[in-house]
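Engineer: Position in the sequence shown counted from 1, then plus 159, gives you our numbering. All residues carry an ideal CB built from backbone N, CA and C; glycine is no exception. Since the structure is predicted, the reported quantities are computational estimates derived from the model, not experimental observations.
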Amino acid sequence: MKRKLEYLLKHTPWLMSFFIGVGSAVLKFIGLFVKVDDKMILFVSFSGKQYNDSPKAIYEYMRNNKVGEGYHYVWAFEHPEDFPQVTCDKVKIDTLTYFVITLKAKYWVTSVNIERGLKYKKKSQIYMNTWHGPAINLMGNAVEGRNDFNWDHIDYFCISGRYEEPIITRDFRVLPENLLLSGLPRNDALYSCTAEKKKELRKQFGVPENKRVILYAPTWRESTDGGKTCNLKPPINLEKWENELSEDYILIIRAHVNTRQMLGIQFNDFVRDESDYPVVNDLLMVADYLISDYSSIIMDYCILGRPIVCFGYDFEDYNKARGGFYFDLDKEIPSGICHTEDEVLKYILNADYDMESQKVKAFRDRHIEVGGHATEICTEKLLK
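1. With C-beta atoms as the reference, is residue 253 less than 8 Å away from residue 222?
2. Can you find the residues in the same chain that come closer than 6 Å, C-beta to C-beta, to residue 286, ignoring five residues on each side of it along the sequence?
3. How about residue 185 and residue 263: do their beta carbons lie closer than 8 Å?
4. Helix, strand or coil for residue 461 per DSSP?
5. Using the rule of at least 16 other Cβ atoms within 10 Å of the residue's Cβ for burial, across every protein chain shown, is residue 393 buried or exposed?
6. Three or more beta-carbon pairs under 8 Å between the stretch 473 to 486 and the stretch 291 to 299, yes or no?
7. Could you pull the DSSP bridge partners for residue 211 from this structure?
8. Excluding the 5 residues preceding and the 5 following residue 401 in the sequence, name in chain order all residues of the same chain whose CB lies nearer than 6 Å to its CB.
9. So, with DSSP's three-state summary, where would you put residue 251?
10. Using a threshold of 8 Å, state whether the C-beta atoms of residue 191 and residue 261 are closer than that.
11. Assuming contact is defined by CB atoms lying nearer than 8 Å, are residue 452 and residue 471 in contact in what I supplied?
12. In this structure, how does DSSP classify residue 230 when only helix, strand and coil are distinguished?
13. Quick check on the DSSP output: what are the complete beta strand (DSSP E) runs of length 3 or more inside the stretch 275 to 351, in order along the chain?
14. Give me the Cα-Cα distance between residue 538 and residue 244, rounded to the nearest whole angstrom.
15. Give the secondary structure of residue 206 by DSSP, where H, G and I count as helix, E and B as strand, and everything else as coil.
16. So, under 8 Å CB-CB, residue 204 and residue 215 are touching, yes? Tell me the CB distance rounded to an integer number of Å.
17. So, under 8 Å CB-CB, residue 257 and residue 293 are touching, yes? Tell me the CB distance rounded to an integer number of Å.
18. Taking the alpha-carbon of residue 424 as reference, which of 375, 461 and 459 has the nearest alpha-carbon?
19. How many Å lie between residue 386 and residue 237 at the Cα?
20. Around the Cβ of residue 354, are there at least 16 other Cβ atoms within 10 angstroms (buried) or fewer (exposed)?
21. Could I get the ranges of all uninterrupted beta strand (DSSP E) runs contained in the stretch 431 to 488, with 3 residues as the minimum, in chain order?
22. Report back the beta-carbon spacing between residue 535 and residue 319 to the nearest angstrom; my notes put them in contact at under 8 Å.
23. Please state if the CB of residue 409 and the CB of residue 370 are separated by a distance shorter than 8 Å.
24. Is it true that the CB of residue 516 sits closer than 8 Å to the CB of residue 466?
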């Protein structure tokens, strides 16, 4: 029911405007009676779906360093009971208790949003949005039918390079002076990935010494049944992939957090499902190739300077549905757009690995300027 309501709001502009106006007013009124706790920090990652990403990096850094002593930490989840490893206070997102805590916490840290589409932050509160990667497809108010993003009250919005500046200020209305050129805290580990670390991960995932790893991590697609489900069925014949690749490769599949399941895939020793693996950086670091589509995971993986394949099997439909991209994928991404699985397989089997890696590094340098110390930078800014 909740997902259907979210879908309805997102696709009904007048209803979204009504929800924002009334909901924000109600919470601002309640906020008059809730005192801000100067030592409370609220963390939310991907709308409460997971314990990961940059909010996790900042939280764990604070918990393990003197700078974070004396603070009251709270994490919000859809299902708090699913995260026993989080030992601080937890709250169920989108409940009355959750909204009271948002009004009480001095500091907000999130990778998507805290206010659940509303706008009621107090001036005395500090709001840090780490976001979750440089944009590829149109976002925010750039999407047709959307004009409800107004994040001019965010105090710090993390970016990795000046490429993002016009996008974030225009399409989310974040004030230019509130952009924090820090990189993403979650990606700090990618900058220190050594050959020894990769070797450890290969052993952890049981990768044979004579094989390379391909990571397939597509983005999500809009629901086709009014928000009931958000499944993905890529047009690939895994028997064919296994016949052509299994001698030298294994394939790891990572579904997007918004995708309920990937249909039509049978997992075995060649193709493995790591959609629920908690540390996506481990998957990136162990992979020799990334196959994705329009996901910002491309921007994460390019930090490692390894080959990337853009598998845009539904490019025309996706482009039409989302209204476009911020750059020409066919020209900008080194592999170009592979429209069919045959093109993907041909690329994997025939590409010059070192040459393609150099192309990816050039792509990285055009879009990402900073990184490696984002966690410390963000923590310092948040608590200053």
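Structural biologist: Short version:
1. no
2. 267, 280, 313 and 314
3. no
4. helix
5. buried
6. yes
7. Its beta-bridge partners do not exist; DSSP assigns none.
8. 429
9. strand
10. no
11. yes
12. coil
13. 285 to 288, 315 to 318 and 338 to 340
14. 22 Å
15. helix
16. 6 Å
17. Between residue 293 and residue 257 the Cβ distance is about 29 Å, and since that is not below 8 Å, they are no contact.
18. 375
19. Confidence is the limiting factor: at residue 386 the pLDDT is only 49, short of 50, which leaves the residue's position unreliable, though a coordinate-based value still follows. Whole-angstrom Cα-Cα distance: 17 Å.
20. exposed
21. 448 to 451 and 467 to 470
22. Actually they do not touch by this definition, with Cβ atoms about 15 Å apart.
23. yes
24. yes
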